[in-house]
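Heads up: the first sequence begins at 186 in the numbering used here, then just goes up one per residue.
To keep things clear, I will list the structure first and then write my remarks on it.
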Amino acid sequence: MNCQSFETESGYLCVYEKDGRVFKIQFNQRCEGKINREIATQFQEYLEGRRKTLDFPVEVPGTEFQKRVWASLRKIPYGHVVTYKELAEKLKTAPRAVGQALKANPLPIYFPCHRVVAKDSIGGFTGGIQWKRMLLKIEGCEF
DNA sequence: GCTTTTTAGCCCG
DNA sequence: CGGGCTAAAAAGC
Numbered sequence: 186m187n188c189q190s191f192e193t194e195s196g197y198l199c200v201y202e203k204d205g206r207v208f209k210i211q212f213n214q215r216c217e218g219k220i221n222r223e224i225a226t227q228f229q230e231y232l233e234g235r236r237k238t239l240d241f242p243v244e245v246p247g248t249e250f251q252k253r254v255w256a257s258l259r260k261i262p263y264g265h266v267v268t269y270k271e272l273a274e275k276l277k278t279a280p281r282a283v284g285q286a287l288k289a290n291p292l293p294i295y296f297p298c299h300r301v302v303a304k305d306s307i308g309g310f311t312g313g314i315q316w317k318r319m320l321l322k323i324e325g326c327e328f
């Protein structure tokens, strides 16, 4: 596992890689370099199973609805899963709309969309269902 | 702008 | 399995 941080024209970028797959994470301008390295460390610790929550300030682009859904993801406890339907009921919307919003998740792991599964299956995950399985496994959740 | 299609779901027969 | 429901976003007009 490798995790690095860079400065780019639009903000800071954190890249982490495992098993040949790459996640790229973009941060807003307000993140200090010091905080940025701290963030990279948080991701690394999470992937090694030594950290349960990621916590740092971030601003992501999205509609009001999407941001509301993403925020709600962070209330799902570590190692716990909910279904699209349960989340939809909580947010007073429809399961498919939740799926749409999760698909647009700009910051996986920080917004733990892998903790949302379908009623009778694991559901989807952008960039590979293997990631979802792996992340759940890290959290000790066999699915 | 307004209309149609698409979607990481779900339920019923 | 196959349709019908559904809300949001994207694509089409």
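Using N, Cα and C, we set each Cβ at its ideal position, and we do this for glycine too.
Presumed contact (8 Å Cβ cut-off) between residue i and residue j, rounded CB distance
i	j	result
I307	K317	6 Å
V266	A273	That pair is no contact at about 15 Å.
Sequence-distant residues of its chain with Cβ nearer than 7 Å to residue i (five each side left out)
i	result
K270	P280, K304
F310	H299, W316, K317
E230	R236
Short Cβ contact (8 Å threshold) for residue i with residue j
i	j	result
L232	Y201	yes
I294	F191	no
G264	C326	yes
K275	S257	yes
Nearest to residue i (by Cα), restricted to the options the options
i	options	result
D240	N221, G247, V254, E249	N221
N290	S190, T238, E249, K275	E249
S259	V301, G313, G325, I314	Rather than Ser, the amino acid found at residue 259 in this sequence is Arg. The residue with the shortest Cα to Cα distance from R259 is V301.
P246	L276, K219, F208, L292	L292
P262	T238, T268, G218	T238
6 Å CB neighbourhood of residue i in its chain, flanking five on each side removed
i	result
W255	F296
Q189	V200
A286	Q251, V254
L320	H299
Residues of its chain near residue i, where Cβ-Cβ distance is below 8 Å and the 5 sequence neighbours each way are ignored
i	result
A225	C188, Q189, S190, C199, Y201
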